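S.K.:
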Amino acid sequence: MSQAMDFDALRQAMADNYEQPEGPARNARAEQLLVEAEKLNIPLAVIEALGHQLKVYNYSSEKDKMFVPFARLLRMWDERPEDFDEYEIHSLHWVFKWMSAGMLDQPHIPLASIEKWLGEMEHRYRLAGHSERAVRSAEFSVAAHLGDVERAERAYAAWLAADRDTMADCHACELHGQGWWRAERGADAEALELWSPVLEGEYTCAHEPHTVLASSLVPLLRLGHVEEARAHHLRGFRLVRPMESMRGAYADHVEFCALSGNEARALELLAERPAYFTDSGDPRSKLDFLSVVTLLMDRLTSLGLGEQTVPGPAGRAWTARELGTHARGDALSLAARFDARNGTSRVSERARARMDRPPLVDRLPLGVRTARTAHAGHSAPAPAPVPRAVTEAAEPDLSALLAEARRLSGLRSPDAVEAWAEVSRAAEGHELDARARAEIADHAAMGRGPQGIELFHRAAELYAEADDPGEALAARARATYVHALSGGTEEALTVASELRQEVLALFAAGGTGVSQTASVLVGRARILMHCVDEAGGDAEDGSAEAGTGTRTGTGLVTAAEEAARELLALAEPQAGDDVPLASRAAEAQAMLGELAARSGDAEAAVETLSRAVETFVAAGLPWFAVEYDSRLAGIALHLGDTERAEQAARAALDHGGSYLEPTGQAQLHLQLAGILSGSGRFRPAAEHALEAAHWADEAGEAATLGAWARHQLGGFLLRQGRWAEAAEVLESALPDLTTDMHGDGAIVQTRWWLGDCLTELGEHREAAEHWLRAADIARHWPEQRDHAMLAHLAAEALGHAGLTAQADQAYARAGDLWRELGNVHGLVRSLRARAWAVVRTDAGLDGARELMQVAVRECESAIEGAPVASGSPSDSPSDSPGRSPEDEDARHRLVAELGHTFRQFGDLVARSMSDDAEEASARAAFEEALVHITRAVSVFDSLGYDFLDARTAAELAAGWLEADLERPEAASARARAVLSAYAGAETETAEARRAEAENMLRVVGTRPEG
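Using UniProt numbering, read the sequence shown as starting at 1 and increasing by one per residue.
Rendered as structure tokens:
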């Protein structure tokens, strides 16, 4: 640092340092600045540097260091109070409160010293003429920490009763403390009511709503308000994450995750802050942190994950069980130190209660990507247990198991396969007849894909041995269908046709039943449907001879339809209470519905698929209806029947129930989310997208289907104005979105949404980065409007971030793109924005003026090239032959753009004058500005009543310039013109304009007429 640093440079350096992230580096810089301050030999410089040092210590992990600079400040005040200016006097008394809280947080400071300090604070505040509000608040904190409820309640009442003055904490901080106490006393609802103004943004400060959001998490879970709890976590953690001093609030978020089934997320949070395990400058927040670490580790151990590696203190690897033991020991040791100082057991009791708190929610999806713990995640709902006909015994009753498996097969239950697997296990070492062995092989083949083909053929042999030739043909048909799915379509179709002929002949001869025949027919129909799917748009042109399977005759679609109708004609009349036959009939109806949809007859498809669903459900087979419910939803949506689409999508979820696999859950929730969002119901859409993300993660598809679900969820949250939640979710999705899997459009949209969110959150530099990176992708697209828009948005964000030069470059890029696209409005707006940016650079007003002039010329040129007809711009299109309503609207918008450009031109010139500008320069600038704004008034006036508000705003701006130029009559005339324009109008804008016009008349010394 230069030896020549003066007081102003020191102050700037301290201001710059305070803007740096909290932590040891900022603290070290503050220590250096104190050394520099002492070189100036200016007492106030030292006082300010000590205050700066104290402040950065307080907001860091080194809180214990703040007592030294405070003691020095207090000594300087006692010795030479005249060295302190008004601000530093206020600051000195303000940090008395920090000392009280800081002493309480340090177990080595005796209780007697803390009580003595409270008395000292009260005395000094009284001498300075301050209210006792801050003193009673500090006393309350001491009493609450000690567990002295009676004293705490007295101090709490006195705190609220005392007058608020300049020493009182801000409203947000006070409400946090008050709500915390109500929650401690078990009044969660009262706590949330107290916190409401902070949560809703009415009161904020540097650390609020950060701590209120964190403190609200457990009360919300206890009250069952899980959606609010999730939102507060996503919103609050985003605020807490970069602030090193907020270890206590950080611990609240870890605790929330541990109590809501998000143990994996909690581990990620621990991994982000390894220093929190050991930083010792604030022992009370360390105790809070170690307590929730213990809670989390014990939770993992109870889930069977005690040996899982977890983040912990540096220097060694930790398992959950080891870290739990270590953290509990350190936490209780710290608590014991506090209790020894306090003479109570309150701190240890509170720490133990927190460590042993049971989970409050079994599963609360958060929407953000989290690496799953090995067993701690929650899988799909378990299927209904297989009913047992016998009591469990050491040796299963094979005959009972066999009977139960056959019963479930007859019901077409999804549990049948597992029931047969249990039979297979129990049958080891037992002799079974050919029929039972056939059934075991048949069911073992199901779900094995190509590996099951051989088992199906073995089952066919055993069925034949059991004298059931029809079931043997059915097993061969199942093997043939799997062969088709494995790539052998042509051969499978030939075999299926042969099997059809055999079974029909057998059925006609009375050698087999309807059920076996239907099983063979459904196999062939499925193969034909698979051929149609494979052929895609060529299905109508392809052919399949019904008898042989060779592609030489009837089209595939026709063949498939005939096969489905044949199946339906066989199964439907015989179905009755026969569940398998009802299933075949329903599947045939579904095939016909699919074929109708493929042929473009959506209405017929809906009707037929609806019958299929009804048949499945009536037969007690709702799980088979899921696929067709989902298909119905898509077709209904295509037809514009949103209500029916929603009903079908909800039915799919209901019908699938506990039998849906996680991937199916994710896909169906996403489908319903899309339907809901299409009708503007973004809140329920977000709920289903959240579920989709959770189930995709459970399915192991976090990086594929899960990323898409998070992308959608982020968009739905954004549309509700839930910026922080949306940003967390979108940032979580972004690393997994890839061009190959999701398309570059999804990546661009995610970054675009992120830019929107971050802008709303005031994170302009980060918003610009996302928009620029999205623009780099979009610049390769054939259509360049998105590229231009993204470049323009990035420029705006860079300007808000104070990066003027970069903003100018981005605006120039956007302007070039708008020009290439022929978008005059975009071009003109980028030129105006560049002018506002350039006026703050070395180019100054001259550079800005040149850009505004270009913007004016672009508008005028576009207006000249627009369709023109006689009459004024306010004429109706019918009065302007040859000019369409669209042409007229386009021309009006161009004229309005010119008016806005003149208005901004005038504003820019007027505002370019600094307060210390020479009178002649200022007057010349105001004259020039007045010319531009007067032209804006004229342009808006030409557009008629629709632009009245824009005209009167410009008229008033011109009036104030007239006043600055000492022309009261001209200013008065403009004010009266505005009053006249709004005579009798009752709108909010009219009232505001009239109020400003009347104020102008008062300022220039003229009374309003009338």
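Built from N, CA and C at the ideal position, the CB exists for glycine as well.
These numbers come from a predicted model, not from an experiment.
Locate the alpha helix (DSSP H) running through glutamate 533, then write down its first and last residues.
M.R.: Looking at the sequence shown, residue 533 is not glutamate but aspartate. From DSSP, the alpha helix (DSSP H) with aspartate 533 extends over 514-535.
S.K.: Below 8 angstroms on the Cβ atoms is my guess for histidine 207 versus leucine 217; work out the distance and round it to an integer in Å.
M.R.: Their Cβ separation, rounded to whole angstroms, is 16 angstroms, which puts histidine 207 and leucine 217 out of contact at 8 angstroms.
S.K.: In angstroms with no decimal places, state the Cα-to-Cα distance between glutamine 501 and leucine 521.
M.R.: Approximately 10 angstroms between the Cα atoms of the pair.
S.K.: Looking at the secondary structure, which residues open and close the alpha helix (DSSP H) in which phenylalanine 289 lies?
M.R.: Looking at the DSSP string, the run of the alpha helix (DSSP H) that includes phenylalanine 289 is 283-302.
S.K.: For leucine 653 and glutamine 665, what's the separation of their Cα atoms in angstroms?
M.R.: Rounded to the nearest angstrom, the two C-alpha atoms are 7 angstroms apart.
S.K.: How many angstroms separate the CA atom of serine 245 from the CA atom of asparagine 27?
M.R.: Near 12 angstroms, if we compare the C-alpha coordinates of asparagine 27 and serine 245.
S.K.: Give the secondary structure of alanine 382 by DSSP, where H, G and I count as helix, E and B as strand, and everything else as coil.
M.R.: The predicted position of alanine 382 is uncertain, since its pLDDT is 38 and thus under 50; a value taken from the coordinates is nonetheless stated next. Coil.
S.K.: Restricting to Cα atoms, I'd like to know which of Glu566, Gly488, Phe96 and Leu570 is closest to histidine 530.
M.R.: When only C-alpha atoms are compared, the closest one is Gly488.
S.K.: Does the beta-carbon of leucine 858 have 16 or more other beta-carbons within 10 angstroms, so that it is buried, or is it exposed?
M.R.: Correcting the residue type first, residue 858 is glutamate in the shown sequence and not leucine. Per the 10 Å Cβ criterion, buried.
S.K.: Please name the residue in Lys39, Val226 and Asp78 whose C-alpha comes closest to that of alanine 128.
M.R.: Of the listed residues, the one whose Cα sits closest to alanine 128 is Asp78.
S.K.: Tell me which same chain residues have a C-beta within less than 6 angstroms of the C-beta of alanine 445, skipping the five on either side of it?
M.R.: Here the set comprises Gly452, Leu455 and Phe456.
S.K.: Going by other Cβ atoms of all chains shown within 10 Å of its Cβ, with 16 needed for buried, is proline 662 buried or exposed?
M.R.: It counts as buried.
S.K.: Compute the distance between the beta-carbons of glutamate 132 and alanine 112, then report whether it is under 8 angstroms.
M.R.: Not closer than 8 angstroms, so no.
S.K.: Using DSSP bridges, identify the partner residues of tryptophan 318.
M.R.: In the DSSP output, where bridge partners are listed per residue, tryptophan 318 has Val310.
S.K.: Kindly identify the DSSP beta-bridge partner or partners of cysteine 205.
M.R.: For cysteine 205, which the question treats as bridged, DSSP gives the partners Glu208.
S.K.: When you compare the region 965-978 with the region 938-946, are there three or more beta-carbon pairs, one atom per stretch, that lie closer than 8 angstroms?
M.R.: In short, these stretches do not touch, since the Cβ pair count stays below three.
S.K.: List, from N- to C-terminal side, the alpha helix (DSSP H) runs of 4 residues or more that fit wholly inside the region 801-828.
M.R.: Those alpha helix (DSSP H) runs which fall completely within the region 801-828 and span 4+ residues are 804-821.
S.K.: Using three-state DSSP, classify glycine 555 as helix, strand or coil.
M.R.: Of the three classes helix, strand and coil, the one that applies to glycine 555 here is strand, per DSSP.
S.K.: Can you tell me where the alpha helix (DSSP H) with phenylalanine 70 in it begins and where it stops?
M.R.: Residues 67-79.
S.K.: Which residues in the same chain have their Cβ closer than 6 angstroms to the Cβ of aspartate 339, if we skip the five residues on either side of it in sequence?
M.R.: These residues qualify, in order along the chain: Ser345, Val347 and Ser348.
S.K.: Can you tell me whether valine 68 is buried or exposed, with buried defined as 16 or more other CB within 10 angstroms of its CB?
M.R.: Exposed, because fewer than 16 other Cβ atoms sit within 10 Å of the Cβ of valine 68.
S.K.: Shortest alpha-carbon distance to arginine 151 belongs to which of Trp181, Gly762 and Ala168?
M.R.: Nearest of Trp181, Gly762 and Ala168 to arginine 151, Cα basis: Trp181.
S.K.: Should arginine 1002 go down as buried or exposed, given a rule of 16 or more other Cβ atoms within 10 Å for buried?
M.R.: Looking at its Cβ environment, which holds fewer than 16 other Cβ atoms inside 10 Å, arginine 1002 is exposed.
S.K.: Indicate whether at least one CB of chain D lies closer than 8 angstroms to the CB of alanine 335.
M.R.: Checking the listed chains, one finds no chain D in this structure; it contains a single protein chain.
S.K.: So, for glycine 1005: in the same chain, excluding its five sequence neighbours on each side, which residues have a beta-carbon less than 7 angstroms away from its beta-carbon?
M.R.: Cβ neighbours of glycine 1005 beyond the five flanking positions: Pro968.
S.K.: Classify alanine 157 as buried or exposed, calling it buried when 16 or more other Cβ atoms lie within 10 Å of its own Cβ.
M.R.: That one is exposed.
S.K.: Consult DSSP for aspartate 163 and reduce its assignment to one of helix, strand or coil.
M.R.: Reduced to three states, the DSSP call for aspartate 163 is coil.
S.K.: In whole angstroms, what is the alpha-carbon distance linking leucine 705 and glycine 248?
M.R.: Computed Cα separation, rounded: 35 angstroms.
S.K.: Please tell me whether leucine 528 and threonine 517 are closer than 8 angstroms, where the distance is taken between their beta carbons.
M.R.: Taking 8 angstroms as the Cβ cut-off, leucine 528 and threonine 517 do not qualify as a contacting pair.
S.K.: Could you round the C-beta distance between isoleucine 42 and phenylalanine 7 to whole angstroms and report it? I think they count as a contact, below 8 angstroms.
M.R.: Confirmed, about 6 angstroms.
S.K.: Do you know whose CA, among Glu614, Ala619 and Glu561, lies nearest aspartate 577's CA?
M.R.: For aspartate 577, the nearest C-alpha among the options comes from Ala619.
S.K.: Could you give the first and the last residue of the continuous alpha helix (DSSP H) run that contains threonine 901?
M.R.: Its alpha helix (DSSP H) spans residues 885-911.
S.K.: Rounded to whole angstroms, what's the CA-CA distance from leucine 104 to lysine 55? Just pull it up for me.
M.R.: Approximately 18 angstroms between the Cα atoms of the pair.
S.K.: Let's see if you can read the secondary structure: which residues bound the alpha helix (DSSP H) around serine 196?
M.R.: 188-199 is the extent of the alpha helix (DSSP H) around serine 196.
S.K.: Round the Cβ separation of isoleucine 863 and leucine 894 to the nearest angstrom and send it over; I've been treating them as touching at under 8 angstroms.
M.R.: Their Cβ separation, rounded to whole angstroms, is 5 angstroms, which keeps isoleucine 863 and leucine 894 in contact under 8 angstroms.
S.K.: Between the beta-carbon of residue 1012 and the beta-carbon of arginine 751, is there less than 8 angstroms?
M.R.: Because the chain here runs from 1 to 1010, residue 1012 falls outside it and cannot be looked at.
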